Structure formats: structure tokens, C-alpha cells
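Contents: one structure, followed by commentary.
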Amino acid sequence: QLQLQESGPGLVKSSETLSLTCTVSGASLNSRSHYWGWLRQAPGKGLEWLGTIYYFGSTYYNPSLKSRVSISLDPPNQQFSLKLTSVTAADTAVYHCAKFDDTSGWHVGDWGQGTLVSVSS
Amino acid sequence: NFLLTQPHSVSESPGKTITISCTRSSGNIAINYVQWYQQRPGSAPTTVISENDQRPSGVPHRFSGSIDRSSNSASLTISGLKTEDEADYYCQSYDSNNHLIFGGGTKLTVL
Numbered sequence: 009q010l011q012l013q014e015s016g017p018g019l020v021k022s023s024e025t026l027s028l029t030c031t032v033s034g035a036s037l038n039s040r041s042h043y044w045g046w047l048r049q050a051p052g053k054g055l056e057w058l059g060t061i062y063y064f065g066s067t068y069y070n071p072s073l074k075s076r077v078s079i080s081l082d083p084p085n086q087q088f089s090l091k092l093t094s095v096t097a098a099d100t101a102v103y104h105c106a107k108f109d110d111t112s113g114w115h116v117g118d119w120g121q122g123t124l125v126s127v128s129s
Numbered sequence: 005n006f007l008l009t010q011p012h013s014v015s016e017s018p019g020k021t022i023t024i025s026c027t028r029s030s031g032n033i034a035i036n037y038v039q040w041y042q043q044r045p046g047s048a049p050t051t052v053i054s055e056n057d058q059r060p061s062g063v064p065h066r067f068s069g070s071i072d073r074s075s076n077s078a079s080l081t082i083s084g085l086k087t088e089d090e091a092d093y094y095c096q097s098y099d100s101n102n103h104l105i106f107g108g109g110t111k112l113t114v115l
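Residue numbers (the numbering used here), protein chains in the order written: chain A, 9 to 129; chain B, 5 to 115.
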């Protein structure tokens, strides 16, 4: 059974970089069948897709985040990571890592439970 | 790019039927599949409808999905409402650049 677990600081200072890691069990990050990535949900708000990475490293990012977001893979450790630079209070959210599928259209196949990251001034 | 617009909230009594709409702002709704997710408080979302109208294993038959080309929208219908259906519901599609797009979410209250 696939499991995804987010980890990282729960508090980040404004203007600094938010860094989170997702540890995957039950599936290989090298699989050609899988895509990995991140979503977030600000308190009381809706879901927002942040970005997706494929096993050989190609990435897709939410244009609204411009150049602030990056996602990378670490297959030997069964992990992938999110970096979000120059954070502000608007980046306070629960961050979910996920496995995406593109069979029958792009969608979220599996979710991590999520981790709350607060941005302090 | 396009937006997906959902009603902010809906409410209905147990046993009744509700429909939540998801309207695509531009481009044909039928071009890209629509998924629906249910999110209960404090939990990660789960899929209740995939590929416009497919129910994943384990999702009750009370849940159904459809698309309407005339209104350029997708819909989630829940019949025989139960108190356990009270949750937030999100539609999701994607664009030609492989970007996932979510609706703003609809809060369902079963009272």
C-alpha cells in the first residue's frame, strides 16, 4: 500500500525558504508510471496545486508561484522535496505531498496527510 | 487558462438529493476529465468521482457525476443524503500544460 509522509519545519520566517520532504513507501520513485508533487491548502481556503515532477526530472509548476517553487527527486532515499522561496504570510498552509496519475486525465491518485507550515513575521 | 467555479455552500436534509455544479470558464468541459474530491475536516481529500462519472471502488452508488456541454459544467450529485456526507467537495480538471486546476470548493451541510 502506498504511503506518503511529509516532514519539515512547522514554522518559517517571512522572506526565507520553506523546505519540505515527502517520504514514499509502497512505490518506487523511479517508476515510469508515477508522477509526484505537492499541493497546499491555506486555512479556511481551497486546494491549490503547486507542482509535479516526473521520474526523470521533468517538472510542471503552478504559474501563479512564478519562479519561487521547485521540486526535486531523491530516488535512492525514496524521497522528493519542495522548496518555496521568499515566503510571506500568504504561504501559511497545510502542505500535502501526492502521487499524481495521468491515466484518464491528470488527477491526484494518493495524498499525504499534510503538514501545517506557518510563516511568521 | 481557465477557472472552475463552484457554489460556496449547499445544504439539505438527510434523505434528500443535492447537486453541486462546477462551471468551466473557457474551453470545452468535455475536453479534459473532471474529478471530484471529498474532504472531511482535518483529513486529506479522497476521490469520489473520477473521469467525469466513474465511481472508485468503495464509493457508495449514491454518488454520481456528469458533464453538461450546454452549460459547460460538471456536476456531482449525492442522493439519499446522510450526515456522514457533510464535507467540502472540490472539482478538479487540468489544462494542456499538464497543470491541475481546482474549483474553489463547496461546503455541504446535511441538517
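Ideal Cβ positions, reconstructed from N, Cα and C, are used throughout, including at glycine. Model, not experiment: these values are computed from the prediction.
Supposed close pair G108 (chain B), T9 (chain B) - CB separation, criterion 8 angstroms: 7 angstroms
Backbone secondary structure at T87 (chain B) - three-state DSSP: helix
Cβ separation of L92 (chain A) and V102 (chain A), assumed to be a contact under 8 angstroms, to the nearest whole Å: About 14 angstroms; that fails the 8 angstroms criterion.
Contact test: T96 (chain A) Cβ vs the ligand ATP heavy atom, cutoff 7 angstroms: Of ligands this structure carries none, so the ligand ATP is not represented either.
Rounded C-alpha distance that separates C26 (chain B) from W119 (chain A): 22 angstroms
Beta carbon proximity, G108 (chain B) to chain E, threshold 8 angstroms: Structure shown: chain E not included; protein chains present are A and B.
Separation of S15 (chain B) from Y78 (chain B), as counted between CA atoms: For the sequence presented, residue 78 (chain B) should be read as Ala rather than Tyr. Roughly 19 angstroms separates the two Cα atoms.
Nearest candidate by alpha-carbon position, reference T123 (chain A), set A:V20, A:G117, A:H104, A:S129: A:H104
DSSP state of L73 (chain A) mapped onto helix, strand, coil: helix
P18 (chain B) and K86 (chain B) closer than 8 angstroms at C-beta: yes
Whole-angstrom C-beta distance between I71 (chain B) and N56 (chain B), which should lie under 8 angstroms: 5 angstroms
Members of the segment 55 to 71 of chain B near chain A, C-beta cut-off 7 angstroms: E55
Under 8 angstroms by beta carbon: chain A residues contacting P11 (chain B): Under the 8 angstroms cutoff, chain A gives no residues; its nearest Cβ is about 13 angstroms from P11 (chain B).
Within-8 angstroms CB hit, E56 (chain A) to chain B: yes
Nearest-angstrom Cβ-Cβ length linking V125 (chain A) and G18 (chain A), presumed shorter than 8 angstroms: 6 angstroms
Straight-line gap, S33 (chain A) to Y93 (chain B) (C-alpha atoms, nearest Å): 28 angstroms
Chain-ordered residues of the segment 10 to 41 of chain B with a beta carbon less than 7 angstroms from chain A: N36, Y37, Q39
C-alpha distance - I22 (chain B) paired with P51 (chain A), whole-angstrom precision: 26 angstroms
Cβ distance (whole Å) where S23 (chain A) is taken to contact S94 (chain A) below 8 angstroms: 6 angstroms
D99 (chain A) in three-state terms, based on DSSP: helix
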